[in-house]
DNA sequence: TAATTCGCTAGACCGA
DNA sequence: TCGGTCTAGCGAA
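Residue numbers (our numbering): 121 to 957.
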């Protein structure tokens with residue numbers, strides 16, 4: 121590999137000799153961190169991929185690998201009761217390894233403390249090679265040493281320890297001859313993607329033949345789009361010459377062109393490139409005896425949990441589909457199916473036509489409709505690029521917080537974001553991180569769930585003038601205000617016992633814990649950012665960065681409680697998580713009590729929000745009440761007015777023992793906007809016609825208080841259904857297939873529909889979003905379920921849709937207005953009932 | 001395997 | 001034909 125490194129001279133201890141040549145200083149954009157094994161020296165060496173240039177440089181700014189051969193892979197050993205020096209002696213005396221013998225490179229005393237122990241001076245044990253570390257961790261464990269942080273990948277270790285921010289600027293001092301890093305520090309300058317980063321998106325179209333395997337059929341078209349979205353290219357071969365299409369000789373040449381284009385980029389963007397495009401082009405290149413290398417190396421398809429990920433060397437692969445999945449998980453977007461057409465429409469408001477594989481085949485073979493295909497192929501790249509551009513600032517901020525590469529942050533779970541941040545800050549606080557739990561511990565944790573939030577049963581019916589109050593970031597603010605952290609739990613100081621949770625655990629008041637320290641910093645920073653954002657004009661580049669920064673903080677803050685209660689977390693703490701929810705329940709109960717004292721009627725509460733009936737009270741009264749509560753709250757806890765609503769409805773439960781349904785209600789604000797919560801309308805597993813009917817009924821009832829109009833509307837929908845003319849699109853029920861079809865115990869409609877489709881040759885795997893219709897053909901509901909695509913228009917069971925979809929969706933609302941099911945089906949009279957008198 | 005618990009509801013199945 | 005129990009999915013916070 122990099123021959124530059126071998127120019128170093130070593131002294132007898134294998135350490136590098138003082139630099140004689142001059143040291144250069146440069147600013148650059150850090151893209152990737154990794155390592156390689158230098159066999160000659162028997163060392164694992166850190167390498168960083170950096171784009172040189174003060175402001176990231178122009179298009180062809182030089183990008184280079186830099187090396188840090190001083191930084192050693194390491195973990196920590198607890199010295200136990202014996203002192204650190206003795207442990208060090210023992211460790212240094214060890215001869216390790218099976219075939220190839222090796223010794224520890226260095227063992228040194230630190231001032232770090234192991235988690236949950238009083239013993240300080242954990243010993244840092246370094247190795248020449250990562251492979252030595254891997255062997256040693258087992259051997260040392262067997263010898264009875266307690267070891268920590270032994271499973272942190274080397275590149276990640278480097279970023280965390282040096283507190284670098286990938287996809288951010290760094291200042292480097294290095295030897296120009298060897299690119300050896302003498303010093304590297306993060307730089308605060310803001311990265312502006314359009315100016316500082318070169319990104320290119322690409323997308324492949326492949327021939328749809330008999331074989332389905334990756335790489336089995338040829339690539340027939342490929343597109344690329346840059347960040348400005350204007351320089352789009354579409355390349356094909358052996359087909360008609362049309363506008364916007366570049367023709368080359370062969371498939372191999374198409375691959376060459378993509379390779380050439382992509383090698384200009386710092387970031388390569390795809391839509392589902394993790395599972396498809398990179399793997400495909402790699403396989404095709406292999407078949408054709410061609411090369412496909414990015415930055416000199418073939419893409420690697422690695423496993424990330426249950427998913428694949430296409431990893432490049434140095435250059436960062438951003439899969440926009442992974443970005444969308446992350447946004448979906450964190451609740452930032454709500455899109456039924458994350459295909460590129462849906463995303464284009466829902467995120468950017470741009471309709472994108474779907475083209476089917478067979479159309480593509482035909483267009484390519486005989487030129488029919490080829491222009492459409494060219495446009496379709498290019499749009500795929502453009503949309504992928506748009507997503508990346510839109511959300512890159514968010515992930516760059518997350519990278520800054522967690523010191524992880526963009527490749528990792530765009531594919532991370534929120535738990536790993538929290539954990540990476542804690543790993544980074546733990547050493548600062550003088551702690552070695554705790555280890556991940558073993559499977560036994562994980563199971564034990566799962567079997568002991570933590571009691572969660574309190575939800576009050578609401579007052580049923582229609583209500584007017586509602587004030588909604590909210591605790592701002594309830595769980596994080598409890599953590600900070602009560603200093604909740606695994607290491608502050610049940611401390612020895614007598615006076616700290618006053619900081620006792622309703623759960624009986626108490627938390628130290630003398631020393632700030634890791635969680636409150638880190639989260640407190642984030643809360644303060646977020647308030648500052650939000651204030652600054654408010655002052656900036658919307659739409660500008662700066663505003664976008666500010667918004668993304670506070671958003672990144674919000675994501676991490678909101679995940680902190682979940683992390684403490686997450687069975688696989690290093691810093692899992694049942695006591696902490698339990699204390700947080702106990703305090704939260706207490707605060708909401710206190711709010712209810714005090715609201716009663718202040719003569720408000722409490723309509724409903726859930727976790728952190730309180731609904732008050734204002735009756736004759738004014739907004740001023742509500743605000744005074746909030747102020748009073750805030751005076752009594754500790755630390756940075758704060759109750760806020762979320763909003764005022766003119767009308768609202770709560771309904772009884774449909775099943776079981778009755779009672780009023782929690783987590784379902786509809787509100788109308790002062791401007792007449794509806795807020796529908798928990799009802800079928802917001803659920804994807806109900807058909808459109810039921811959802812739309814429900815929304816219309818809620819709208820009519822809350823706006824006009826006119827129940828007879830609503831009843832008429834329902835009757836009309838029933839009539840339409842009976843006529844058999846409702847399009848199947850309105851009848852489709854959408855559900856995700858969460859496991860393999862054979863592994864279900866219960867026979868359910870979506871599983872049954874999936875099985876039938878599979879029998880007809882459709883490819884359906886775990887995670888597929890199924891859209892099915894209940895047809896006329898069969899006995900049970902499951903028997904009658906068929907995937908939408910196989911159902912002919914008009915073939916639907918009207919009775920099912922009336923009885924099991926539309927009526928259930930509206931009946932509980934209509935009942936509040938005095939209607940029965942029969943009234944709606946048979947047109948019972950009930951006229952002119954005006955709810956609002 | 002990939003943050004948590006609380007809560008609602010459907011549909012299959014079983015026994016009376 | 002009913003009510004209870006079970007599995008399953010999804011939303012609220």
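Glycine residues also receive a C-beta, built at the ideal position from the N, C-alpha and C atoms.
Computed from a predicted structure; not experimentally measured.
Spatial distance of residue i from residue j (CA atoms)
i: residue 927; j: residue 870; result: 21 Å
i: residue 825; j: residue 788; result: 12 Å
i: residue 852; j: residue 867; result: 19 Å
i: residue 156; j: residue 340; result: 37 Å
i: residue 910; j: residue 916; result: 12 Å
i: residue 361; j: residue 368; result: 10 Å
i: residue 901; j: residue 627; result: 55 Å
i: residue 669; j: residue 212; result: 46 Å
i: residue 468; j: residue 509; result: 12 Å
i: residue 166; j: residue 301; result: 10 Å
i: residue 542; j: residue 519; result: 13 Å
i: residue 473; j: residue 459; result: 12 Å
i: residue 779; j: residue 568; result: 29 Å
i: residue 321; j: residue 386; result: 11 Å
i: residue 522; j: residue 537; result: 6 Å
i: residue 514; j: residue 666; result: 10 Å
i: residue 330; j: residue 883; result: 13 Å
i: residue 831; j: residue 786; result: 18 Å
i: residue 395; j: residue 814; result: 39 Å
i: residue 941; j: residue 931; result: 7 Å
i: residue 811; j: residue 891; result: 15 Å
Option nearest residue i by Cα separation, candidates the options
i: residue 193; options: 838, 163, 742, 597; result: 163
i: residue 554; options: 486, 267, 389, 616; result: 267
i: residue 721; options: 945, 584, 821; result: 584
i: residue 593; options: 285, 411, 144, 756; result: 756
i: residue 535; options: 872, 605, 691; result: 691
i: residue 328; options: 348, 481, 149, 343; result: 481
i: residue 314; options: 349, 607, 290; result: 349
i: residue 236; options: 600, 305, 634; result: 634
i: residue 565; options: 685, 364, 929; result: 685
Buried or exposed by the 16-neighbour rule on C-beta atoms within 10 Å, applied to residue i
i: residue 748; result: exposed
i: residue 880; result: exposed
i: residue 259; result: exposed
i: residue 596; result: buried
i: residue 188; result: buried
i: residue 285; result: buried
i: residue 571; result: exposed
i: residue 288; result: buried
i: residue 203; result: exposed
i: residue 899; result: exposed
i: residue 196; result: buried
i: residue 138; result: For residue 138, the pLDDT reaches just 49, beneath the cut-off of 50, and the residue's location in the model is therefore unreliable, leaving the point undetermined.
i: residue 602; result: buried
i: residue 422; result: exposed
i: residue 419; result: buried
i: residue 182; result: exposed
Endpoints, alpha helix (DSSP H) assigned at residue i
i: residue 306; result: Residue 306 -> not in any alpha helix (DSSP H); beta strand (DSSP E) instead, spanning 300–306.
i: residue 961; result: Residue coverage of the chain in this structure runs from 121 to 957, which leaves residue 961 outside it and unanswerable.
i: residue 655; result: 634–655
i: residue 289; result: No alpha helix (DSSP H) contains residue 289, which is instead part of the beta strand (DSSP E) from 289–295.
i: residue 802; result: Taken as a continuous stretch (DSSP letters only), residue 802 belongs to no alpha helix (DSSP H), as it is neither H nor E.
Beta bridge counterpart(s) of residue i as assigned by DSSP
i: residue 223; result: Beta-bridge pairing links residue 223 to no other residue.
i: residue 906; result: 893
i: residue 788; result: 767, 794
i: residue 436; result: 387
i: residue 627; result: 609
Range covered by the beta strand (DSSP E) that runs through residue i
i: residue 764; result: 759–770
i: residue 353; result: 353–357
i: residue 322; result: 319–326
i: residue 147; result: 144–158
i: residue 876; result: That residue, residue 876, is in no beta strand (DSSP E); its alpha helix (DSSP H) goes 869–879.
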